[in-house]
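Q: Counting in the numbering used here, the sequence shown runs from 10 upward without gaps. Backbone N, C-alpha and C fix where the C-beta goes; we use that ideal spot for every residue, glycine too. Can you keep this structure in mind? I'll have questions shortly.
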Amino acid sequence: MPLPQRHRYRVLFTVLAILVGLLLSVWLGGRYAERRAWDERSAEARGQLQLYAQSIRTLVERFSSVPEVLALDSDIRSLLRAPHDRQLRLALNQRLERLNAAAGSTVLYLLDARGETLVASNWRDWSSFVGNNYAFRPYFQNAVRNGGARYFAVGVTTGIPGYFLSHVVRGDDGELLGVLVVKLELEDLQREWVGQPGVLLVADGYQVVILSNKPAWRFRALQPLDEQARAELVEVRRYAEQALQPLTHRVYRRIDDEADWARVDGPDGNHDYLWQRLVMPDEGWTLHLLSEPAGLADSIRSYRLAAAGVWMTLAFLLLFLAQRRKNQRLQAGIRERLEREVALRTAELREAQDGLVHAAKMAALGQMSAALAHEINQPLTALQMQLGSLRLLLDSGRPEAVHEGLQRIDGLLQRMAALTGHLKTFARKTPAGLSERLYLGDVLEQALQLLAPRMRSEQVELRTQVDSEAEVLGDAIRIEQVILNLLHNALDAMLDSDSRILLVRIFRDGAACVLSVEDSGGGIAEEALGRVFEPFFTTKPVGQGLGLGLAVSYGIVRDLGGMLEAHNGERGAVFTLKLPSAP
């Protein structure tokens, strides 16, 4: 596959992966926010239901012992034995009226063994229970069977829902005499709940809403009623003439055993609710609290945005790290190629520098060629004269004189051999980087040996001050080349001077060894002093120099870790060579 196309597919795959991850993170963030919001609201609703349940229990328990205590009253037992005693009935009616007002209940009344009301606290009212038969009511039947009962129903006489607490009245011998009942109307309690958040529903054992903080929700069936259940409710007239419309709802999600997320088709229309439940086993009721998920959409949106932000940050961080790693690989490759290129160019430059140094040597030798030829020619002329003398001495039979002449010839030959041997050594092309311990004075002596013929011919006065212990590390041939360049320049500077004095000093200055060459040639112009070490810069006339000698010398000294400086002294230019002392 071509590289551009492969790169295009890689970019497309990366973008798709980021988008898929973004969608997944948004979905997970929404689910997490939704779950957390429902859990928080479920905990809040559970707390609210517990408060509602506590208020109901407090109200019921307040009156639960009233019928049981009154069942022990002797007057009530007497009336049940003599139900036609008018004075006793009047007294008990008045007494129940006072007790009811003091207790705060709705109605207190007494039923005989047949379920007929004998006395009641509301005997004066139009809705008096006196004379009514309630034997069909479960609170009467259960009290007869079990001794006591609790029952919720709509009042047959008043049509007002109420909670009935009943207790059987028995004689000393245990015979059934009647049932004492207290009715509690919970309207005040409902009015206290109005205005509370959410929809509170109190459902009985048939799952019919009997109490609510919203009146329109009362007498709604939370689950379908079968025919048998409806027949039982009609028989006991539990809900009077209420239609018991079903409360249609559909569960979206089950949060836990006591909470659902559901859509309810209630009197207020279709809405989504958190449906929380709490069972009250003593009363046989179940509390339901329907809370609208206010702010749920904002919470989900915030979590989704946060999840998207975290994913994009992570994705861009991974892309950054991947790009950084790629750049590091590219930089490493570029650095490796650059290092190879630099090494190659350095080798070429070193080779060119070595060639330039060698060329400078050859140029120096060329400058010394005339004087060296004269230096070699003198011994040759002397040899020729000595050989002629030896013939005469041999012919005259003087062997001692011949022996002395041969010794002089041997000295001349050694002088020529030393000179030509040093020329061969100096002219040899040596690689850079060689290092050996050497005395700077010995290197100066070798250089002066090559320049001795020129200095004699030009009548130069040489003055030296040499510290014989000045020892450095370096290449003797290259250091000698630097010294020769300095000496040559000094001699060239004194060509037109009347007084030709060359002062060469070698001394130690701390951790360095210093060689200075001072001439009497008048010095270097100030504007040219800072450029003497630049390549191809020269103060000599045209044709007498290329301006490379000092530049090459400066490079050699720098490679050896030293310095080469120039300034003007009292009589002429002063060049100073500093090299680190050998350890």
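What's the C-alpha gap between Arg17 and Ala26?
A: Roughly 14 angstroms between the two C-alpha positions.
Q: Hey, Leu231 and Val243: beta-carbon distance below 8 angstroms or not?
A: Not a contact, by the Cβ cut-off of 8 angstroms.
Q: Go to Gln232, then tell me how far its alpha helix (DSSP H) extends in each direction, as first and last residue.
A: Element bounds for Gln232: n/a, residue is neither H nor E.
Q: What three-state label does DSSP hand Gly552 in the structure shown?
A: Residue confidence for Gly552 is low, a pLDDT of 47 falling below 50, so the modelled location carries little weight; the figure read from the coordinates is stated next. Gly552: coil per DSSP, three-state reduction.
Q: I'd like the span of the beta strand (DSSP E) that includes Val218, first residue to last.
A: It spans Val218 to Ser221 - the beta strand (DSSP E) in which Val218 sits, taken as one unbroken run.
Q: Does DSSP put Gly204 in a helix, a strand or coil?
A: Reduced to three states, the DSSP call for Gly204 is coil.
Q: By alpha-carbon positions, which one of Asn279, Asp181 and Lys192 ends up nearest to Phe149?
A: Phe149 has its Cα closest to that of Lys192, out of Asn279, Asp181 and Lys192.
Q: Would Arg146 be called buried (16 or more neighbouring beta carbons within 10 Å of its own) or exposed?
A: Looking at its Cβ environment, which holds 16 or more other Cβ atoms inside 10 Å, Arg146 is buried.
Q: Since Glu527 sits in a beta bridge, which residues does DSSP pair it with?
A: Its beta-bridge partners are Leu512 and Val583.
Q: By Cβ distance, which residues of its chain are closer than 6 angstroms to Glu106, with the 5 residues on each side in sequence left out?
A: The answer, listed in chain order, is Ser130.
Q: Hey, quick one: how far does the alpha helix (DSSP H) through Ile486 stretch, first residue to last?
A: Note, Ile486: alpha helix (DSSP H), Ala485 to Ala502.
Q: Drop a sphere of 10 angstroms on the beta-carbon of Ser477, count the other beta-carbons inside from all chains shown, and report buried for 16 or more, exposed for fewer.
A: Exposed, because fewer than 16 other Cβ atoms sit within 10 Å of the Cβ of Ser477.
Q: For His16, name the three-state secondary structure that DSSP assigns.
A: It is helical.
Q: Beta carbon of Gly581, beta carbon of Gly539: below 8 angstroms?
A: Contact: no.
Q: Between which residues of its own chain and Ala456 is the CB-CB distance below 8 angstroms, once the five residues before and five after are set aside?
A: For Ala456, where only same-chain residues beyond five positions count, the Cβ hits under 8 angstroms are Glu489, Ile492, Leu493 and Leu496.
Q: Am I right that Arg247 and Ala162 are in contact with their C-beta atoms under 8 angstroms? What's the rounded C-beta distance?
A: That belief holds up - the Cβ atoms of Arg247 and Ala162 are roughly 5 angstroms apart, short of 8 angstroms.
Q: Since Glu470 and Arg446 are thought to touch, with beta carbons under 8 angstroms apart, how far apart are those beta carbons, to the nearest angstrom?
A: Rounded, the Cβ-Cβ distance is 32 angstroms, inconsistent with contact.
Q: So, are the CB atoms of Arg50 and Leu287 less than 8 angstroms apart?
A: Not in contact: Arg50 and Leu287 (Cβ atoms no closer than 8 angstroms).
Q: Please classify Ser175 as buried or exposed, where buried requires at least 16 neighbouring CB atoms within 10 angstroms.
A: Flag for Ser175 reads buried.
Q: With Asp121 as the anchor, note down where its beta strand (DSSP E) starts and where it stops.
A: Where Asp121 is concerned, the enclosing beta strand (DSSP E) stretches over Val116 to Asp121.
Q: Give the secondary structure of Trp320 by DSSP, where H, G and I count as helix, E and B as strand, and everything else as coil.
A: Here Trp320 sits in helix by DSSP.
Q: Please report the residue range of the alpha helix (DSSP H) in which Asn279 lies.
A: No alpha helix (DSSP H) holds Asn279; the beta strand (DSSP E) holding it covers Gly278 to Met289.
Q: Within the continuous alpha helix (DSSP H) that includes Pro76, where are the two ends?
A: Val75 to Leu79 is the span of the alpha helix (DSSP H), which, as asked, contains Pro76.
Q: Identify whether Glu574 lies in helix, strand or coil by the three-state DSSP scheme.
A: Looking at Glu574 - three-state DSSP - the assignment turns out to be strand.
Q: Quick one: grab the DSSP three-state call for Leu105.
A: DSSP places Leu105 in helix when its eight states are reduced to three.
Q: Considering Glu536, what are the terminal residues of the alpha helix (DSSP H) in which it resides?
A: First-last of the alpha helix (DSSP H) with Glu536: Glu535 to Leu538.
Q: According to the neighbour-count rule (16 or more other Cβ atoms, all chains shown, within 10 Å of its Cβ), is Phe22 buried or exposed?
A: Burial call: exposed.
Q: Please state the DSSP three-state secondary structure of Tyr143.
A: Tyr143 falls in the coil class under three-state DSSP.
Q: Is the beta carbon of Gly140 sitting closer than 8 angstroms to the one on Thr126?
A: Yes; because the gap between Cβ atoms is below 8 angstroms, this pair is in contact.
Q: Return the chain-ordered list of same chain residues with a C-beta closer than 6 angstroms to the C-beta of Glu77, the five sequence neighbours on each side being excluded.
A: Cβ within range, chain order: His176.
Q: Compare the Cα-Cα distances from Leu504 to each of Glu467, Ala479, Ile515 and Phe325 and report the closest residue.
A: Considering only alpha carbons, the answer is Glu467.
Q: For the alpha helix (DSSP H) containing Gln455, list its first residue and its last residue.
A: Per DSSP, Gln455 belongs to the alpha helix (DSSP H) from Leu449 to Ser466.
Q: Looking only at its chain, what residues have a beta carbon closer than 6 angstroms to the beta carbon of Gln205, apart from the 5 residues adjacent to it on each side?
A: Closer than 6 angstroms at Cβ, skipping near neighbours: Asn222.
Q: According to DSSP, is Trp132 helix, strand or coil?
A: In this structure, Trp132 counts as coil in the three-state DSSP scheme.
Q: So, using beta-carbon positions, are Ala534 and Leu588 closer together than 8 angstroms?
A: Against a cut-off of 8 angstroms, the Cβ pair of Leu588 and Ala534 comes out as no contact.
Q: Expressed to the nearest angstrom, what Euclidean distance is found between the alpha-carbon atoms of Arg66 and Ser73?
A: Cα to Cα, Arg66 sits roughly 10 angstroms from Ser73.
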